[in-house]
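Structure first, then comments.
Residue numbers (mature numbering (1 follows the signal peptide of the UniProt record, and there is no 0)): -19 to -1, 1 to 980.
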């Protein structure tokens, strides 16, 4: 029974376990089906949790396999980070499951549906296609083909679409993609075969017809392209209309139907709003063929920095259009650009020819016109146009005022005709150098020009040879040149008598100087300043010849007419009257000067002469009054030491020894080393002797450097020896003598004179640096008879070395102390320049205005003053004043100054937005003054700004590019051009895809 009981218990236990297991298994199946329901309802998160439980608890292999499958699918659906790994884990756990391929396919389809082509492709490639049924294989081919296409595996994609071309479900889509791939592979025949079958398909006809249109165009079937394009354009999608219009327009272009091409080309909107250089070329060339040159220019000039055959063609035709529009300067740039490219040699040659001719006609900013012409001959030695270009060479030099270039060319191609022409051109080069204040360089040019066969030219050359020698102080040579003139049929000859008068005057041949000055006055030339000057010099000639009555008449002419130099004439009249024996008349004339010419520099001279007259007549009171007036009204007068000395003598003669000594000692204290100081010492000695105070005199003399009683005889003897050589014009011995004297007596009695005369000798011997210490000694003394000349010479030496800091104080003294008008003008004009260089523009203008207020100044000096006012105004941005003065200068300026005035004329016109007028002035500068490169390049920047304002971006950028490339010597202008170029390119890049704003 026990055994049976045990058996029974076991049976019950087994039965109970089986029952429990059966019950659990039944529950797991229900959970699985519940999970499937959730999965189908896209409740993937809940479904996944149950599938995991079922997989862990079921004993059924097939249920576990299915649960694991759906678990992995849920991971994919839920985008879990380990989703891909779960699918791979499923395959690893169930390698023989029939759901393996389905798992790969489902994952691929999931990614495909979510437009993740590369992800789907990875899974599709894992599928074993042999295990799929035919429908599944078709689906795989279609989706995998599309994924391959999107991933740009065109060849593999095409192979996938090929089996589906006739399929009722996938065939239409597959054919479109197959045709599209053929189109992309440029297999246009195959593409057309497939896409043409979809030309009426509602889904694909828009795209298919567009590709058919593009293929017709690319295949050169332009008539067909036009037919297709015009058919589909009205109903095309908005985003396609622009491209379709472009294709139609370019098709008409290639069919040379330009009138029909233009409207369609204009409808093209570009890629993202940007055209390319080629797009602009098609439209520009179409306008060109329709002879609408302005419209053609408007398209061609948007092609910036092109470097291909299209650009070369465009630039060439742009040049032609500019010529048609009579814009020759603009054409020059376009032809130059086209000629620099070698894509089409025929175009390049014709462009170079036009560039050479236009350079001759209009000028060239980049290189001299002769260089351009020679470059053409060198590049095309066999050209049929060579004789024509060669004939322009010499005239181009003259037209550009490059006279030296013409001379060099003529000398390098010697023949009798060229030799004579070289002599003639030498005259113009000489005048050019003379006007640039380079007389030494001008001299040989005038000598060469005297050999010219043309009589007028040779006589002009003699005239200028004389003028140049006169300026250089070679008066004998000047006379030879002036007197050799035998034909007066040229404008400058009207002043020949005037020049001869001056030359004879400098040679101290007063008889001839008076003759020629009178001859000049008899000509009655309409130039009051010259006539006044000639009358004064006529008077001086008579004065020097002691023909005082005739001198007085000449001076009175100037006085009566109130001309320039009337005060000088009045003074000389007084002196002549006195020398003629009429002391009373002299006094009257001097008083007239003092009364009438209150601001005259000769007023102190007149007072001094008046005082001397009164002294000689015993009118001490009047003499004292005149001397006192000099000291009070002219404290800086050179007569001051003489006045003090003479005041002392007057007191001495009146027995007023006390005041006499005060005056004598005043001279010695204030004007040591002067002749008056030495006389004052001598006169003081007499006073002390008269007083019996010899010891007091001895004590006073001990403190005077230049007095050495014991050595005075040696001092005088040494100085006189040197002075005698000076008076004999024995320069070398005189220099040696004065140097020895100053070494032995550095503070000697004659130190002032010795230093001055030695400085003059060294200066004239072109040993100018050695003269500086001597002039410095003179200028460091109180004002004396040599001060003015020493200040003038020393400041000149500093100016030649551009030592402005040293020169300016001397010039300021010279302006105040000068009695000679030319010295004052010299001081003021150089102070004007000095303060400008020191950037003290206000002072520069003040001195320039002083220069201009002087009635008797050369045109060159007046121009200098005006230019410094104008330049200072520019520096201080006072453009109103600058424009006023540059405008005045423009009427008379020549050479580089003319180039500068033209630049500013263009600059101010640009500021006033008168861009075309501004360009005309730049063209004038380039055509006539291209020798002055800096101003030419600077004006070209203004021209570039003008062109851009006139919407010609090509001209603007081409000009600026060439400045940057070709004029590196002008760093400031290159930097300005770069900045302007960068600004323009940045703006143009917004509408032109071909422009790289970074380059």
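All C-beta atoms in this analysis are idealised placements derived from N, C-alpha and C, irrespective of residue type, glycine included.
Please read all numbers here as calculations on a predicted model, not as lab measurements.
Secondary structure at residue i, three-state DSSP: helix, strand or coil?
i           : result
residue 255 : strand
residue 973 : strand
residue 620 : coil
residue 426 : helix
residue 744 : helix
residue 96  : coil
residue 75  : coil
residue 484 : helix
residue 584 : helix
residue 246 : helix
residue 967 : helix
residue 344 : coil
residue 924 : helix
residue 911 : coil
residue 537 : helix
residue 793 : helix
Can you give me the C-alpha to C-alpha distance between residue i and residue j, rounded to a whole angstrom?
i           : j           : result
residue 902 : residue 894 : 14 Å
residue 193 : residue 368 : 56 Å
residue 880 : residue 887 : 11 Å
residue 41  : residue 27  : 22 Å
residue 409 : residue 942 : 35 Å
residue 387 : residue 378 : 5 Å
residue 747 : residue 898 : 51 Å
residue 411 : residue 714 : 37 Å
residue 555 : residue 571 : 6 Å
residue 588 : residue 648 : 19 Å
residue 383 : residue 434 : 22 Å
residue 546 : residue 535 : 12 Å
residue 318 : residue 324 : 12 Å
residue 175 : residue 195 : 15 Å
residue 924 : residue 269 : 25 Å
residue 916 : residue 851 : 16 Å
residue 181 : residue 166 : 24 Å
residue 3   : residue 44  : The predicted model places residue 3 with a pLDDT of 44, which falls under 50 and marks its position as unreliable; any figure quoted below should be read in that light. Their backbone Cα atoms lie some 15 Å apart in a straight line.
residue 860 : residue 255 : 41 Å
residue 5   : residue 87  : In this predicted model, residue 5 has a pLDDT of only 44, less than 50, meaning its place in the structure is not dependable; the value taken from the coordinates is given anyway. Cα to Cα, residue 5 sits roughly 32 Å from residue 87.
residue 393 : residue 949 : 30 Å
Does the separation of the CB atoms of residue i and residue j fall below 8 Å?
i           : j           : result
residue 657 : residue 631 : no
residue 814 : residue 849 : yes
residue 567 : residue 558 : yes
residue 518 : residue 498 : yes
residue 759 : residue 726 : no
residue 262 : residue 294 : yes
residue 145 : residue 138 : no
residue 163 : residue 171 : yes
residue 187 : residue 206 : no
residue 267 : residue 242 : yes
residue 920 : residue 884 : yes
residue 522 : residue 538 : no
residue 862 : residue 854 : yes
residue 427 : residue 445 : yes
residue 480 : residue 504 : no
residue 258 : residue 940 : no
residue 278 : residue 973 : no
residue 595 : residue 607 : yes
residue 797 : residue 617 : yes
residue 856 : residue 822 : yes
residue 281 : residue 935 : yes
residue 773 : residue 816 : no
Residue ranges of each alpha helix (DSSP H) run of no fewer than 4 residues wholly in the region 161 to 218, ordered along the chain?
169 to 176, 186 to 199 and 203 to 213
Output the residue ranges of the alpha helix (DSSP H) runs that lie fully inside the region 95 to 130 and measure 4 residues or longer, sorted by chain position.
98 to 105
Alpha helix (DSSP H) segments (min. 4 residues) lying fully within the region 588 to 648:
601 to 614 and 621 to 634
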